[in-house]
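What follows is a short report on a single structure.
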Amino acid sequence: MLLKQLSDEFAALLGDGNVISDPGQLTAAAQTNYPASQQIPLIIRPAAAAELAECLKIARRYNQPVYVVSRGKNWGYGSKVPVQDNCILIELDRMNRILEYDGQLGYMTVEPGVTFQQAFDFLREQKSELLLGTTGGPVDASLIGNALERGIGTGVYSDRFSAVCGMEVVLPDGSIIHTGFERFPGNMAGKVSRWGMGPSLDGLFSQSNLGIVTRMTVWLPQCPAFFQIGFYKTDSLAKLTQLIDRLQEMAMEGLVKPAITLYNDVRIMTALTQFPFHETEPGALDPDVLMEQMRASSPVGAMVGPWNGEITIRAVHAEHAMRQARLIAERIRDLVYDLS
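Residues in the sequence shown are numbered consecutively from 46, following my numbering.
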């Protein structure tokens, strides 16, 4: 009876089509890439912060727990499955507007339903010179969801959560706040300054359940005039230790810039090929033997070393890039092979 009352109130607010009780859709939403037994009694899909605020007030009156996702596609950081049983799932995919864009100052203000693909397409339409750093997740994952989970990215803004500001947040009681300078009407710095005045609140809403972010400004770097990626491998733990120290030194000097990546063969091979379930059970083979089998069965297996790294070079022209690449190569050549 309680669920029926909740469903009716949500439907009166959002419309019947945005209150989902179909068992098939509920079961699908409860599936993820790890064992889970949580049941989802209802899915609701508000289209605006004001609607979301009213949804939270309704749930609060009934003492009903809720679980919120932007799109539920940031698989490396979770899924749509709530952390406990009997949570109503709130999906924010209908809140999918790109609200503001400034190519000169390098930012985009988005809602939680905006995906990486949507943002990429928008930048293409604008003939923008700004870059959208990629992630290991799918193209239909949420920009805001990825940033709030502190997802890794690529490029000079690889730490996504350090390159956002100006949040709009719906609190559990349904009130709406804005962080940084965005809380001041008519401000001119809310999209380009993280801190505002007084205590900074942004971190409270990262990897937490203290509020629901419904708007965020994301900073985007400019596309460099010249871009190059250098690849290398190393096959010794002793050399790896020295290599990490050299990379750290070069990063401190400014010779190389983030993101500086190092991946072992397991990380790369598992991204390139499926586990051979038809050949062996998980845990049945020694990990080193299994890795050799996977390497042999992959067309790119011979290209993967025990440890693999890349360094990106962003330069104002080709000569600048060549000099930077030469300096980097001189610093690490004795510790790596297949440097290219």
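All C-beta atoms in this analysis are idealised placements derived from N, C-alpha and C, irrespective of residue type, glycine included.
Note that this is a predicted model, so its numbers are computed, not measured.
From the options, residue whose alpha carbon lies closest to that of residue i
i      : options                        : result
Ala366 : Ile274, Leu330, Lys284         : Ile274
Leu48  : Ile133, Asn353, Thr72          : Ile133
Asn141 : Glu298, Ala164, Val64, Cys268  : Ala164
Pro332 : Ala347, Met314, Val345         : Met314
Thr306 : Phe322, Leu288, Gln319         : Leu288
Val258 : Gly60, Met339, Leu384, Ala192  : Ala192
Gly148 : Met339, Leu168, Pro344         : Leu168
Ile222 : Ile65, Tyr107, Ser207, Leu249  : Leu249
Asn78  : Lys118, Ala95, Tyr107, Val361  : Lys118
Ser66  : Asn131, Ala370, Trp120, Ser124 : Asn131
Gly256 : Lys125, Glu227, Glu213         : Glu213
Pro321 : Leu150, Met336, Arg105         : Met336
Pro157 : Gly151, Glu194, Glu170, Val201 : Glu194
Ala94  : Gly196, Gly69, Pro217, Ala75   : Pro217
Ser251 : Val209, Leu282, Gly241         : Val209
Gln319 : Asp310, Ala329, Met339         : Met339
Reduced DSSP secondary structure (H/G/I, E/B, other) of residue i
i      : result
Leu144 : strand
Gly211 : strand
Asp331 : coil
Arg116 : coil
Leu307 : strand
Leu134 : strand
Glu324 : coil
Gly346 : helix
Ile373 : helix
Asn78  : coil
Arg378 : helix
Ala360 : strand
Glu96  : helix
Asp204 : strand
Asn108 : coil
Gln355 : For the record, residue 355 in the displayed sequence is Glu; it is not Gln. In this structure, Glu355 counts as strand in the three-state DSSP scheme.
Val233 : It should be pointed out that residue 233 corresponds to Met in this sequence rather than to Val. Coil.
Ile103 : helix
Thr224 : coil
Thr154 : strand
Presumed contact (8 Å Cβ cut-off) between residue i and residue j, rounded CB distance
i      : j      : result
Val114 : Glu99  : No, Val114 and Glu99 are not in contact; Cβ-Cβ is about 19 Å, not under 8 Å.
Ile373 : Met295 : 7 Å
Glu145 : Lys236 : 7 Å
Thr160 : Arg116 : 7 Å
Pro51  : Ile88  : Before going further, note that residue 51 is Leu rather than Pro in the sequence given. Between Ile88 and Leu51 the Cβ distance is about 12 Å, and since that is not below 8 Å, they are no contact.
Val215 : Leu97  : 5 Å
Gln369 : Leu292 : In fact, because the Cβ distance is near 14 Å, the residues do not count as touching under 8 Å.
Ala360 : Pro269 : 6 Å
Ile85  : Ala74  : 5 Å
Asn353 : Tyr382 : Wrong, their Cβ atoms sit about 11 Å apart, outside the cutoff.
Proximity of residue i and residue j at Cβ, strictly below 8 Å
i      : j      : result
Arg355 : Phe276 : Sequence inspection shows Glu at residue 355; the Arg mentioned does not correspond to that position. In this structure, Phe276 lies closer than 8 Å to Glu355 by Cβ.
Met261 : Gly198 : no
Leu176 : Pro266 : yes
Leu101 : Val155 : no
Asp138 : Arg90  : yes
Pro351 : Asp290 : no
Ala341 : Phe271 : no
Ser238 : Gly225 : yes
Ala81  : Val111 : no
Val263 : Met348 : no
Lys284 : Leu380 : yes
Gln83  : Gln129 : yes
Leu317 : Val345 : yes
Practice problem: Could you tell me which uninterrupted alpha helix (DSSP H) segments, each at least 4 residues in length, are contained entirely in the segment 175 to 202, listed from first to last along the chain? | Solution: 188 to 193
Practice problem: Kindly provide the ranges of any beta strand (DSSP E) runs that are 3 or more residues long and lie completely inside the segment 243 to 312, ordered along the chain. | Solution: Runs found: 257 to 264, 271 to 279, 306 to 309.
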